[in-house]
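Residue numbers for the sequence shown follow the numbering used here, beginning at 10 and rising by one.
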Amino acid sequence: MNPALQQRREFCFLVLAGLFLGTLGMLNILGLTRFLELGHIGSWPVVVAVGALPYPITFLCTDLISELWGEKRAAQVVWVGLLLNGWVVLILWLGGVLPGVEGAPDATFFEIQRLAFGSVIASMAAYLTAQFVDVRMFHFWKRVSNGKALWLRNNGSTLVSQLVDTSAVVLISHFASGVLPVRPGEPVAPQLISFIASGYLFKSAAALADTLPFIWITGRLRQWLEIPCSGSEIGGDDDPCMQVMTSTNPLPGLEKLI
């Protein structure tokens, strides 16, 4: 195996996994600390949580890992992300139970903790479901298209998983954590539907917008990482490195002793 090629592949995987995990940790802290009004469609305001802004990057990263390294490696990154969510919860909990300095302004921390707890609890359930839906749907479309139509598996997986994620986050944030800015005295259901529609619209637009960058990045990485053709994966049967490993006898001369 070419050591330089192996080093490039490991570096690229670490960058994608690190970007995924770093973004995930950041959005869990930002979470529901602020809601943004991105515009109006008629009289309907498009409102999203600030934590939703970097979230489409996580799906781009898992799609790239799925495309280049396969379903198993993408699933491993998803599980590590779940552990990261648990780590965030643990640190926030410890920060609240350990004694603080007398006279220090703790109110800001506890407000962030309250909002982050609600965000993380909702996102842990939604994240696990949506990311696995994304990975499974990506490889479903990959099998259906026989490794072709890269745009189809990118959008076909992300658009479905984003709907699952957005619906779960909004419903759990409201019914389990009570941290959504629901207006009192007005029917709750239309407000929740508005939150879901706004979040899904934003994430869908981001998913469609990243189609051309995804295709371009995939093509460039296939060249740089020497992955032979569209649809093939690192570690697959058509990977030159794997062919070298399987075609080369690790114990030369052994066949003479048998």
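Cβ coordinates follow ideal geometry from the N, Cα and C atoms, glycine included.
N-terminal and C-terminal residue of the alpha helix (DSSP H) that residue i is part of
i	result
Leu30	12-39
Val188	First-last for Val188: undefined, no H or E at that position.
Pro54	Taken as a continuous stretch (DSSP letters only), Pro54 belongs to no alpha helix (DSSP H), being part of the beta strand (DSSP E) at 53-58.
Gly292	Nothing about residue 292 can be read from this structure; the chain reaches only from 10 to 267.
Pro199	197-218
Ser176	159-181
Cβ shell of residue i (< 6 angstroms), same chain only, five flanking positions each side left out
i	result
Val56	Phe44, Glu46, Ser207
Leu189	Ser182, His183
Gly79	Glu242
Thr257	In this predicted model, Thr257 has a pLDDT of only 48, less than 50, meaning its place in the structure is not dependable; the value taken from the coordinates is given anyway. Excluding residues within five positions, none has a Cβ falling inside 6 angstroms.
Phe204	Val179
Leu28	Cys70
Ile50	none
Lys151	Arg162
Short Cβ contact (8 angstroms threshold) for residue i with residue j
i	j	result
Ile202	Leu77	no
Leu73	Leu30	no
Gly187	Ala125	no
Ala177	Ala135	yes
Gln122	Gly95	no
Asn37	Val129	yes
Thr167	Ala198	no
Lys212	Ala61	yes
Thr32	Pro63	yes
Leu337	Met146	The question about residue 337 has no answer, for the chain in this structure spans 10 to 267.
Neighbourhood of residue i by C-beta, 8 angstroms cutoff - its chain only, sequence neighbours within 5 removed
i	result
Arg17	Trp233, Leu234
Leu23	none
Val97	Gly34, Asn37, Ile38, Ala125, Val129
Thr227	Leu73, Glu76, Leu77, Leu159
Where the beta strand (DSSP E) containing residue i begins and where it ends
i	result
Glu76	Here Glu76 belongs to no beta strand (DSSP E); instead the alpha helix (DSSP H) covers 64-78.
Leu45	44-50
CA nearest to the CA of residue i, picked from the options
i	options	result
Gln85	Val153, Pro63, Met35, Cys70	Cys70
Glu120	Glu111, Trp102, Thr220	Trp102
Val169	Ser52, Val144, Val153	Val144
Tyr209	Gln171, Pro237, Gly48, His148	Gln171
Arg229	Phe141, Met146, Cys21, Pro12	Cys21
Ala218	Gly51, Pro65, Phe147	Pro65
Gln140	Ile100, Val87, His148	Val87
Leu137	Leu107, Thr175, Glu111, Lys151	Thr175
Cutoff 7 angstroms; reference residue i; Cβ partners in own chain excluding five residues on either side
i	result
Thr220	Trp160, Asn163, Asn164
Pro25	One detail in the question is off: residue 25 reads as Leu in this sequence, not Pro. Contacts found: Cys70, Leu73, Ile74.
Gly109	Asp115
Arg82	Ile74
Val89	Leu30
Glu19	none
Val142	Val169, Ser170, Val173
Gly48	Val55
Thr42	Val59, Ile121, Leu124
heavy atom of the ligand FMN below 7 angstroms from residue i C-beta
i	result
Val106	Within the structure as shown, the ligand FMN is missing, as the structure has no ligands at all.
At 4 residues or longer, and completely inside the region 97-157: list those alpha helix (DSSP H) runs for me, N to C.
116-153
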